[in-house]
Amino acid sequence: MKKLGKALLVAAILLALVLCAFWLNEYMEKRKYRLDYPGEIMASSAEFSLDPYLVAAVIHCESGNRPAVASAKGAVGLMQIMPDTGGWIAAKLGLADFTESMLTDPALNIRLGCWYLRYLLDRFGGVRNHALAAYNAGPGNLEKWLADEAYSQDGLLTEIPFAETGSYVKRVEQAYEKYKKLYPDELG
């Protein structure tokens, strides 16, 4: 009887350790892949018919969820929108009196970024890696790559010549899978 009691105690301790390790792993992943603006992501994703997990992944890779961050190239906010692009998108959306400082507003930045992501998806036939490459390197570069057989085949990108852009597309795809796994209730 004592042996059975000890075996049950060891089994309970092992089960508790496994559950604790599982919880700790998820906790650490959620710290790395934060979801700070789920309402704004869901609203703008719905408005522009986008996958909210993709939007969360782009935000993660672009800004690390920092709404006021500016890149060395001048991109601003959660989805790292260039001020000129932000002004162009704002005009398309009928938003008057757009200023660069507005790009630090999380809701507006996500809305503008979602509009632009939908624009790129539509422009490049709904191919996600095309839209992501264009988001990072610009649509003009993507068009050049798609026209060059060294980088594309049958209208699909086979190689991304900019290492930064290739890495970006991979990071967004990895983050996309993490957000799907970690936030099924919040974004699903």
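Position one of the sequence shown corresponds to residue -18 (the working numbering), numbered consecutively onward.
Beta carbons: idealized from backbone N, C-alpha and C, even for Gly.
Glu145 burial status per 10 Å Cβ neighbour count (16 or more: buried) = Under this definition Glu145 is an exposed residue.
inquiry  = Going residue by residue through the stretch 120 to 153, where are the continuous alpha helix (DSSP H) segments of at least 4 residues, counting only ones entirely within it?
reply    = Every unbroken stretch of the alpha helix (DSSP H) spanning 4 or more residues and falling wholly within the stretch 120 to 153 is given here in chain order: 120 to 128.
query = Expressed to the nearest angstrom, what Euclidean distance is found between the alpha-carbon atoms of Leu35 and Pro87?
reply = Going by C-alpha positions, Leu35 is about 16 angstroms away from Pro87.
task = Tell me where the alpha helix (DSSP H) around Tyr14 begins and ends.
result = From DSSP, Tyr14 is part of no alpha helix (DSSP H); its letter is neither H nor E.
task = Give a yes or no on contact between the stretch 59 to 75 and the stretch 91 to 103, applying the rule of three or more CB pairs nearer than 8 angstroms.
result = Enough Cβ pairs lie closer than 8 angstroms, so yes.
ask   = Beta-carbon separation of Phe143 and Ala118 under 8 angstroms?
value = The Cβ-Cβ distance between Phe143 and Ala118 falls below 8 angstroms.
inquiry  = So the candidates are Leu102, Leu93, Arg152 and Ile70; which of them puts its Cα closest to the Cα of Ser25?
reply    = The candidate whose alpha carbon is nearest that of Ser25 is Leu93.
Inter-stretch contact (C-beta, 8 angstroms, three-pair minimum) for the stretch 30 to 49 and the stretch 157 to 169 = As far as the Cβ criterion goes, the stretch 30 to 49 touches the stretch 157 to 169, which means the pair count is three or higher.
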